[in-house]
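Colleague:
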Amino acid sequence: MRSDMARLRCGKTIPLLGMGTYCPKKDQESTISAVHQAIKIGYRHFDTAKIYGSEEALGTALGQAISCGSVQREDIFVTSKLWSSDHHDPISALTQTLKTMGLEYLDSYLVHWPIKLKPGVSEPVPKEDEFEKDLGIEETWQGMERCLEMGLCRSIGVSNFSSKKIYDLLDFASVSPSVNQVEMHPLWRQSKLREVCEENKIHVSGYSPLGAPGNCWGSTAVIEHPVIKSIALRHNATPAQVALRWGMSKGASVIVKSFNGARMRENKRALEIKLDDQDLLLIDQLEEWKLMRGDFLVNQTTSPYKSIEQLWDNEI
Numbered sequence: 001m002r003s004d005m006a007r008l009r010c011g012k013t014i015p016l017l018g019m020g021t022y023c024p025k026k027d028q029e030s031t032i033s034a035v036h037q038a039i040k041i042g043y044r045h046f047d048t049a050k051i052y053g054s055e056e057a058l059g060t061a062l063g064q065a066i067s068c069g070s071v072q073r074e075d076i077f078v079t080s081k082l083w084s085s086d087h088h089d090p091i092s093a094l095t096q097t098l099k100t101m102g103l104e105y106l107d108s109y110l111v112h113w114p115i116k117l118k119p120g121v122s123e124p125v126p127k128e129d130e131f132e133k134d135l136g137i138e139e140t141w142q143g144m145e146r147c148l149e150m151g152l153c154r155s156i157g158v159s160n161f162s163s164k165k166i167y168d169l170l171d172f173a174s175v176s177p178s179v180n181q182v183e184m185h186p187l188w189r190q191s192k193l194r195e196v197c198e199e200n201k202i203h204v205s206g207y208s209p210l211g212a213p214g215n216c217w218g219s220t221a222v223i224e225h226p227v228i229k230s231i232a233l234r235h236n237a238t239p240a241q242v243a244l245r246w247g248m249s250k251g252a253s254v255i256v257k258s259f260n261g262a263r264m265r266e267n268k269r270a271l272e273i274k275l276d277d278q279d280l281l282l283i284d285q286l287e288e289w290k291l292m293r294g295d296f297l298v299n300q301t302t303s304p305y306k307s308i309e310q311l312w313d314n315e316i
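Counting in UniProt numbering, the sequence shown runs from 1 upward without gaps.
#1: Pick helix, strand or coil for tryptophan 246, following the three-state DSSP scheme.
#2: If you follow the beta strand (DSSP E) that glutamine 181 is in, where does it begin and where does it stop?
#3: Going by DSSP, which residues form a beta bridge with aspartate 47?
#4: Which runs of the alpha helix (DSSP H), 4 residues or longer, sit entirely within the region 49-74?
#5: Quick one: is isoleucine 41 buried, meaning 16 or more other Cβ sit within 10 Å of its Cβ, or exposed?
#6: Which full runs of the beta strand (DSSP E) of 3+ residues lie inside the region 140-190, going along the chain?
#7: Identify whether valine 204 lies in helix, strand or coil by the three-state DSSP scheme.
#8: Name the one or two DSSP bridge partners that methionine 264 has.
#9: So, using beta-carbon positions, are isoleucine 223 and leucine 210 closer together than 9 Å?
#10: The beta strand (DSSP E) that contains isoleucine 32, what's its start and end?
#11: What does the alpha-carbon distance come out to for the pair methionine 151 and tyrosine 105?
#12: Let me check understanding here. Comparing Cα to Cα, which of Ser33, Glu56, Thr21 and Asp27 lies closest to threonine 48?
#13: Quick one: what's got a C-beta closer than 6 Å to threonine 13's C-beta in the same chain, skipping five residues either side?
#14: How big is the Cα-Cα spacing for cysteine 68 and aspartate 75?
#15: Just verifying my parser: in three-state terms, what is the DSSP assignment at leucine 233?
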């Protein structure tokens, strides 16, 4: 198997470097253009979600690239996610996603969050009365398994699931998740969760692998960290390349979001970096911190979950 790929438990391979397509302004033309650039540069792994608003643009760009022969569908790995208000009917949600994207199947379909919202809620930050008290993940997962049986996707998985949530799911799942996509970078290394996933043959896919600089929830702390900078200097690399290579060295795929062609090329060159044991030890000794996770910022005062820690770590 190629060194830039990992094999999922279902037998399918996933490229270790992926392109995220979350666009706060939901700018379709910019997204289409960026995906075309990424394909030319060599990206073959693309990540989206219903709540991102980029499914249509990504599907349009991929359809155009496939039609003109720039790439073949079987060479592309496409992930999208079940939004929390669609837990009651994953089949219909995925069918609509495929229609929106103009695709016959997804390579991976993930439960976006271990929470359930009332049907029709489409805002990334729900109100308190829009949460369902009963997660009902067993029923949701049955729907996900049915999506797989119907050929609507080639693998199923989860996102933002803690170790406890993984164990809860494995207690009843007929088909174990192939992927758990979570925030992961050198300052939030997910060591315990990676161990649990490895034990259960669940591939970890890391979002915000650079600490999400430039986003309202992110920070430049990863790419500005003096240890990361010193490792980069020693390898004639950039801090971003070191951070990405660190994630891949742990067996994870990394989903990095940039619509800038030069940055996309820089990020892709992370595949050429070789970190040694001393580099990895230095990173493992760094003090950890957490982001306010991704595109779904939970308000501690209005959420039925009493704290961010309760949601992100082990308790719910």
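Using N, Cα and C, we set each Cβ at its ideal position, and we do this for glycine too.
Modeller: The structure says:
#1: helix
#2: 179-183
#3: Gly20 and Thr79
#4: 55-67
#5: exposed
#6: 156-159 and 179-183
#7: strand
#8: Answer is none; methionine 264 lacks a bridge partner.
#9: yes
#10: No beta strand (DSSP E) holds isoleucine 32; the alpha helix (DSSP H) holding it covers 28-41.
#11: In the sequence under discussion, the amino acid at residue 151 is glycine, which differs from the methionine named in the question. Looking at the two C-alpha atoms, the distance is approximately 7 Å.
#12: Thr21
#13: Met5 and Arg7
#14: 15 Å
#15: helix
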